[in-house]
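Chemist: Anchor point for the sequence shown: position 53 equals 456 in our numbering, and the numbering is continuous, going up by one each time.
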Amino acid sequence: MTEQTPRINSLYLEAFTGQTVMITGKVSQIRGETAVIDANGEVTVLLNRESHLRPGTAVEIVGKVNQDLTVKVLKSTNMGSEIDFSIVNAVVDATHRYKEIFYADNK
């Protein structure tokens, strides 16, 4: 079985420290090897060599949440600029409200 990657936004970062997650947000800044995305709040992501983010576009990131609540990018996918983030946030909310539907119970 592969590791689960819960879909989160900035509101859930602290609850998933040390875990691999999936997060979708709009790129607002790129600063060297870091970027800031808006995922229902700001999230700082630590880029890898394969990360090719562009300001103003949506990105889906699979990454590990660090103790300082930054996210180390393992994989990133450009999602373009036509993303409705109200839907993204509704999906995140649903996956946490109804965990038993979306994730196996490992605890």
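For every residue, glycine included, the Cβ atom is placed at its ideal position computed from N, Cα and C.
Since this is a predicted model, take the numbers as computed values, not measurements.
In terms of alpha-carbon separation, which member of 443, 420, 422 and 414 lies closest to residue 428?
Modeler: Per the Cα distances, 443.
Chemist: Below 8 Å, can you find three or more Cβ-Cβ pairs linking the stretch 476-486 to the stretch 449-468?
Modeler: A contact exists between the stretch 476-486 and the stretch 449-468.
Chemist: According to DSSP, which residues form a beta bridge with residue 446?
Modeler: In the DSSP output, where bridge partners are listed per residue, residue 446 has 440.
Chemist: Could you pull the start and end residues of the alpha helix (DSSP H) that residue 500 belongs to?
Modeler: Its alpha helix (DSSP H) spans residues 488-500.
Chemist: If you draw a straight line from the alpha carbon of residue 422 to that of residue 453, how long is it in whole angstroms?
Modeler: Residue 422 and residue 453: Cα-Cα distance of roughly 21 Å.
Chemist: Shortest alpha-carbon distance to residue 473 belongs to which of 490, 446, 498 and 501?
Modeler: The candidate whose alpha carbon is nearest that of residue 473 is 446.
Chemist: Reducing DSSP to helix, strand and coil, say where residue 463 ends up.
Modeler: DSSP places residue 463 in strand when its eight states are reduced to three.
Chemist: Should residue 448 be labelled buried (16 or more other beta-carbon atoms within 10 Å of its own) or exposed?
Modeler: Classification of residue 448: buried, given that the 10 Å Cβ count is 16 or more.
Chemist: Under three-state DSSP, which class holds residue 477?
Modeler: If DSSP states are grouped into helix, strand and coil, residue 477 belongs with the strands.
Chemist: In or out: residue 415 buried (at least 16 other Cβ within 10 Å) or exposed?
Modeler: Label assigned to residue 415: buried.
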